[in-house]
Each structure stands twice: as structure tokens, then as C-alpha cells.
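Contents: one structure, followed by commentary.
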Amino acid sequence: MFCYQCEQNQKGGCHTQQGVCGKDETTAQLQDVLIHAAKGVSFFTHQISGDKTEYNAFVLEALFTTVTNVNFDSERIMPFIEKAYELKERAKTEFLKNNSIDAKLLTDLLHPINFVYNSDLNEMAEFGKKVSITARKFLRGADVAGVEEMALYGLKGLAAYAEHAKVINYTDDKIFADIQEAMYKLCTELTLEELLGLSLKVGEINLRVMELLDRAHNDTFGHPEPTKVRTTGLKGKAILVSGHDLQDLKELLVQTEGKGINIYTHGEMLPGLAYPELKKYSHLVGNWGGAWQDQIKEFEEFPGAILMTTNCIQKPKETYKARIFTSGLVAWPGVQHIADKNFAPVIEAALAAPGFQADEPEHYTMTGFAHNAVLGVADKVIDAVKAGQIKHFFLIGGCDGAKSGRNYYTDFAVKAPQDTVILTLACGKFRFNKLEFGDIGGIPRLLDVGQCNDAYSAIKIAVALAEAFGTDVNSLPLSLILSWYEQKAVAILLTLLHLGIKNIRIGPSLPAFIEPNVLQILVDLFNIKPIGEVDADIADCMQRA
197 MFCYQCEQNQ KGGCHTQQGV CGKDETTAQL QDVLIHAAKG VSFFTHQISG
247 DKTEYNAFVL EALFTTVTNV NFDSERIMPF IEKAYELKER AKTEFLKNNS
297 IDAKLLTDLL HPINFVYNSD LNEMAEFGKK VSITARKFLR GADVAGVEEM
347 ALYGLKGLAA YAEHAKVINY TDDKIFADIQ EAMYKLCTEL TLEELLGLSL
397 KVGEINLRVM ELLDRAHNDT FGHPEPTKVR TTGLKGKAIL VSGHDLQDLK
447 ELLVQTEGKG INIYTHGEML PGLAYPELKK YSHLVGNWGG AWQDQIKEFE
497 EFPGAILMTT NCIQKPKETY KARIFTSGLV AWPGVQHIAD KNFAPVIEAA
547 LAAPGFQADE PEHYTMTGFA HNAVLGVADK VIDAVKAGQI KHFFLIGGCD
597 GAKSGRNYYT DFAVKAPQDT VILTLACGKF RFNKLEFGDI GGIPRLLDVG
647 QCNDAYSAIK IAVALAEAFG TDVNSLPLSL ILSWYEQKAV AILLTLLHLG
697 IKNIRIGPSL PAFIEPNVLQ ILVDLFNIKP IGEVDADIAD CMQRA
């Protein structure tokens with residue numbers, strides 16, 4: 197298999213029988229088939245009228261289920277492929293009522309519109325080799341194939357955000373139409389320049405998706421509030437909830453109320469403790485553990501049941517495999533899946549587990565500094581800047597991961613001058629969010645904006661500050677120091693580029709799918725740069741203040 201869709205790839209791409217993430221070759225090939233088949237669905241869906249609800253929902257799920265660390269179960273992927281074929285044929289029939297297909301396309305057996313489902317899993321996996329990244333690099337060249345992948349990875353990322361909104365009944369037909377159009381365009385042979393334009397368009401779509409998700413969360417759960425969160429265990433039975441799906445957290449809180457079980461968040465679920473409609477449940481007691489890549493050690497030590505609500509699952513150890521559960525689109529072979537939001541098996545596992553035998557030593561962190569909270573004290577922030585008390589803002593955030601080089605972000609946060617404020621979001625914050633940073637005139641120096649899903653909050657804060665100072669974001673005393681891991685981070689990066697934001701530092705390594713020629717274009721347009729040495733990077737950022 198060959199893969200370079202996440203930062204954890206080896207030497208520019210995985211040429212192995214198993215990815216670093218734990219995905220085996222068969223599963224990877226089936227996911228390539230699923231994306232290929234979904235393109236065929238979109239080719240026709242984009243060009244027909246009428247009710248597209250089922251098509252839209254399917255393409256969203258197909259994209260999200262292929263994001264890194266979501267679905268590792270080949271048996272769960274096959275029904276997606278079968279449905280893709282059925283929907284493609286249905287949309288094709290509708291299309292042919294008023295249109296005809298270019299004869300040239302019909303002779304290309306590897307074009308998505310000609311995909312044919314085979315119920316033999318091995319045969320489907322074998323077909324996956326023909327539509328793999330390696331095959332497309334051979335046909336289209338590394339530069340073009342790389343930018344195709346960049347646009348596709350952005351679509352995968354925004355599909356995750358759109359799916360989070362959809363599960364709480366927030367959708368937007370224009371967003372769905374734009375996703376279908378983008379997938380349609382990936383069925384055509386676009387030039388390098390056209391693909392770069394499509395990638396920026398994906399960034400623009402993602403901005404609207406993140407705005408939709410922000411509204412969905414705030415309308416449903418209330419605006420996040422600055423909240424002091426316990427990060428150690430309390431005596432009693434326990435369930436640990438990881439992933440990103442706040443609706444699953446809410447359902448679990450409802451179902452465990454009065455059962456004597458304490459609920460803890462893990463990883464990207466930490467900001468859930470800041471939402472009024474979630475933290476009103478007294479048995480939501482804190483956050484336990486850190487970023488996703490530490491789960492194998494942490495889940496083994498956690499004395500209760502574990503629920504994985506979205507991506508970030510790793511291969512479970514046998515020591516806790518019987519007490520870990522998945523929901524939504526997450527899947528691992530042999531792990532019990534909760535498909536109907538009836539979390540009774542999770543509750544039973546928690547009651548059967550020992551739980552915490554005593555209170556652990558107290559420790560706390562802060563979260564909940566989303567746009568509503570920060571902009572509520574914007575006048576104090578602006579006054580502090582004008583008075584010279586705050587000299588610079590750093591956004592240090594993004595994905596965490598296991599590869600070396602990520603201590604850079606801890607060192608950067610620790611070494612940031614005392615007259616600077618650090619905004620952070622996503623699981624990258626676990627590198628430093630439990631450290632003490634103090635405050636500037638009552639304004640905390642470290643502001644946890646939320647999940648990667650909450651990147652819209654950071655954008656809204658930056659735009660509001662720019663408006664207050666009568667300038668643009670690029671002229672603010674603001675530096676973006678980003679860590680990336682998977683496709684949701686790609687979607688956010690494309691959004692920042694769509695907004696014209698420059699001088700972004702990204703690491704710990706640059707995306708391997710961005711070939712040198714394409715990188716130079718991005719450098720010329722946006723001055724993207726890799727992270728370097730901490731002290732030198734800080735000095736350069738402060739010089740731009």
C-alpha cells in the first residue's frame with residue numbers, strides 16, 4: 197500500500213503491508229475503492245435535480261469513513277461500496293432521462309461512472325490497486341496527483357465537520373451542492389492551476405461548514421463558558437468518552453444519569469465540559485488523559501468503560517478490548533459497535549469494571565475560551581494591546597501525533613514572551629495545556645478555544661480583532677504555529693489559505709502530498725514555511741509584531 201494522507205507517513209509515503217496508523221493493505225485498498233465509487237455518485241448527483249438527501253448523506257459518510265483513524269474494518273466498508281454502486285446507478289438512470297454520457301468516458305473502465313460492485317472482498321481490494329494514489333501518480337504525474345489529493349483530503353476533513361453538524365440536524369443544501377460539485381470535478385482531468393483553485397474552493401466550503409457546526413453546537417449546547425476542569429479521577433465507576441461527537445456525549449449523560457457512574461472526557465472531548473447544556477450534568481466530572489496517541493497506555497490504565505465517538509481510535513490492546521466501544525462511523529474489527537445510540541452495553545461494562553478506588557490528587561486545567569467568551573471581553577484585550585501589555589498573539593494548535601519533533605510546540609509555548617497571549621485548540625494543546633502560564637491584567641495567557649472543530653472560533657476572534665484595529669488579519673500582531681496530523685487539519689489549512697492568511701508555520705513536517713513544485717507556489721502566494729528552531733521562530737514572529 198502507499199499512503200501519504202497523514203503526517204505520520206514514512207519517508208513521504210507508506211510502502212508497506214500496513215500503515216503506521218495500523219490500517220492493513222486490504223482496508224486501505226477498499227477505502228480507495230469507496231472514494232472512487234463515491235466520485236461516481238457525485239458525477240451524476242451534481243448534474244441531476246430533485247431530492248438529493250440520500251446522495252448527500254452518503255457522500256458525506258463515505259468521505260468521513262476514510263479519514264485517518266476512523267474505520268479499520270474491511271467488513272464494515274464493503275456495504276458502503278455496495279451502496280455507492282447502487283446510488284450511482286440510480287443517479288445515472290435519472291441523469292440519462294435528459295442527458296447522454298460522453299462516449300469517451302464510457303470506454304474508460306477506470307472512470308468512476310463505470311465502477312461495478314463485486315461482492316468478493318478480495319476482488320474489490322484488488323480493484324483498489326487500479327485506482328490507488330500510486331496508479332494516479334503514474335497517470336497524472338506527481339504534482340497533479342498530489343494537488344488532487346490535497347483537495348480530496350480537504351473534502352474528507354470538511355465532511356467530518358459536516359457530519360458532526362448533520363447528526364444534530366444542522367445541514368445546508370448549498371454546502372452539500374458544493375461538495376458534490378467538488379467531487380464531480382475530481383472526476384475530470386483538471387490542470388494543476390484548476391486543482392489549486394479547487395483546493396482553495398474546498399477551503400471556502402469548509403469555512404461555511406465550520407460556521408454551521410459552530411452554530412449547531414452553540415444552539416444545541418449553549419455557548420462555551422470559561423470552565424475549570426478537573427483532570428484526575430474521582431472515586432467511583434467511570435466511563436471515558438473520546439472523539440469529537442458532542443451529541444453522543446449528551447446521549448450518554450442522559451442514559452447514565454442517576455446510575456452512579458462518573459463520566460470523563462478524553463482528548464478532543466475536553467471542551468465538552470464548557471458547554472452549559474452538558475456541564476449541567478453533575479456526573480460529568482472532568483477530563484482524564486491527554487491526546488489520542490496516548491490512548492493505548494491511558495485506556496489500559498483507565499478503570500472503566502471507554503466510548504470512541506469519532507476518529508482517533510488506535511488498535512486496542514486485549515487488556516481493554518472488551519470494555520472499549522465505538523459509535524458513529526468508527527470501527528475496529530472485534531470491537532463492539534453501538535449503532536443505535538443505546539449505550540446500555542457501555543454502561544454494563546462500566547458497572548462491571550472496578551472504577552477508581554479512591555480520589556486521585558487534584559489537578560485542573562481551563563477550557564471554554566471560544567469566540568463568544570473571548571469577544572465578550574474584547575474591549576479589555578484591545579485596551580491591553582494599546583497599552584503595550586500584550587505585544588503579540590500566538591495561535592499554537594492543531595493535531596497531536598506520535599512522531600518526533602512535536603516537543604517544538606511545548607517549547608514554543610513555554611518560551612513565548614510573558615507579554616504574549618497563546619490561543620490554542622485541538623489535541624495539540626495537550627502538549628502544554630496543563631502548565632501554568634499566568635495572566636496579563638486578568639486575561640489568561642493561555643486561552644483554550646476548543647476542539648479542532650472549533651477552528652471557526654479562532655478565525656472569528658482574529659477577524660474581530662482585525663476589525664477593531666482597522667486592519668486585516670495579516671497585519672495583526674498574530675502568528676499561526678500549526679501542527680497537523682490528518683485530513684481535518686488539511687481542511688482548516690485550506691480555509692486559512694482561502695482567507696488569504698500568510699506566514700503560517702506548519703509542522704512537524706510538511707505534507708508529503710505537496711510536491712516541491714506545488715510547495716513553491718504556496719510559498720510564493722502565502723509564504724507558508726516549516727517550523728524551525730524555537731528561539732529563532734519566536735524572534736522572527738515578534739519582529740513581525
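Each position in the sequence shown, counted from 1, maps to that position plus 196 in the numbering used here. Glycine residues also receive a C-beta, built at the ideal position from the N, C-alpha and C atoms.
Query raised in the report: In the structure shown, what three-state DSSP assignment does alanine 612 receive?
Result: In this structure, alanine 612 counts as coil in the three-state DSSP scheme.
Query raised in the report: Who pairs with alanine 412 in a beta bridge, going by DSSP?
Result: For alanine 412, which the question treats as bridged, DSSP gives no partner whatsoever.
**Report entry** CA-to-CA distance, threonine 262 to glycine 324, given in whole angstroms
**Finding:** 14 Å
Query raised in the report: By the 10 Å Cβ neighbour count, where 16 or more other Cβ atoms means buried, how is phenylalanine 608 classified, buried or exposed?
Result: buried
Query raised in the report: Nearest-angstrom Cα distance between glycine 399 and glycine 564?
Result: The straight-line gap from Cα to Cα measures roughly 25 Å.
Report task. Please confirm whether lysine 333 and alanine 341 have their CB atoms less than 7 Å apart. Result -> yes
Report task. Could you tell me the boundaries of the beta strand (DSSP E) in which serine 679 lies? Result -> 674 to 679
**Report entry** Endpoints, the alpha helix (DSSP H) within which glycine 337 is located
**Finding:** Per DSSP, glycine 337 belongs to no alpha helix (DSSP H) and is neither H nor E.
Query - Completely contained alpha helix (DSSP H) runs for the stretch 371 to 450, where each covers 4 or more residues - result: 388 to 417
**Report entry** Sequence-distant residues of the same chain with beta carbon closer than 7 Å to phenylalanine 377, five excluded per side
**Finding:** Sequence inspection shows glutamate at residue 377; the phenylalanine mentioned does not correspond to that position. If we look at glutamate 377 and ignore the five residues flanking it on each side, its Cβ neighbours are His242.
**Report entry** Cβ shell of isoleucine 724 (< 6 Å), same chain only, five flanking positions each side left out
**Finding:** The answer, listed in chain order, is Ile700, Leu718.
Report task. Could you tell me whether the Cβ atoms of serine 675 and phenylalanine 590 are closer together than 7 Å? Result -> yes
Query - glycine 463 vs tryptophan 484 beta-carbon contact at 7 Å - result: no
Query - Secondary structure of isoleucine 697, DSSP reduced to three states - result: coil
Query raised in the report: Is the distance from the Cβ of serine 705 to the Cβ of glycine 624 below 7 Å?
Result: no
Query raised in the report: From what residue to what residue does the alpha helix (DSSP H) around glutamine 532 run?
Result: Glutamine 532 -> not in any alpha helix (DSSP H); beta strand (DSSP E) instead, spanning 532 to 534.
Requested in this report: Using a threshold of 7 Å, state whether the C-beta atoms of phenylalanine 240 and phenylalanine 291 are closer than that.
Outcome: It is a contact, given that the beta carbons lie within the stated cut-off.
Report task. Would you kindly report the start and end of the unbroken beta strand (DSSP E) that includes tyrosine 560? Result -> That run of the beta strand (DSSP E) goes 560 to 563.
Requested in this report: Let me know if asparagine 713 comes out buried or exposed under the rule of 16 or more other beta-carbons within 10 Å of its beta-carbon.
Outcome: exposed
Requested in this report: Run through the stretch 272 to 310 for me and flag every whole alpha helix (DSSP H) of 4 or more residues, listed as ranges in chain order.
Outcome: Listed in chain order, the complete alpha helix (DSSP H) runs (minimum 4 residues) inside the stretch 272 to 310 are 299 to 303.
**Report entry** Contact under 7 Å by Cβ, cysteine 737 with tyrosine 681
**Finding:** no
Report task. Report the three-state DSSP secondary structure of cysteine 737 (helix, strand or coil). Result -> helix
Query raised in the report: What residue from Pro557, Val610, Lys630, Asp615 has the CA that sits closest to alanine 583's CA?
Result: Asp615
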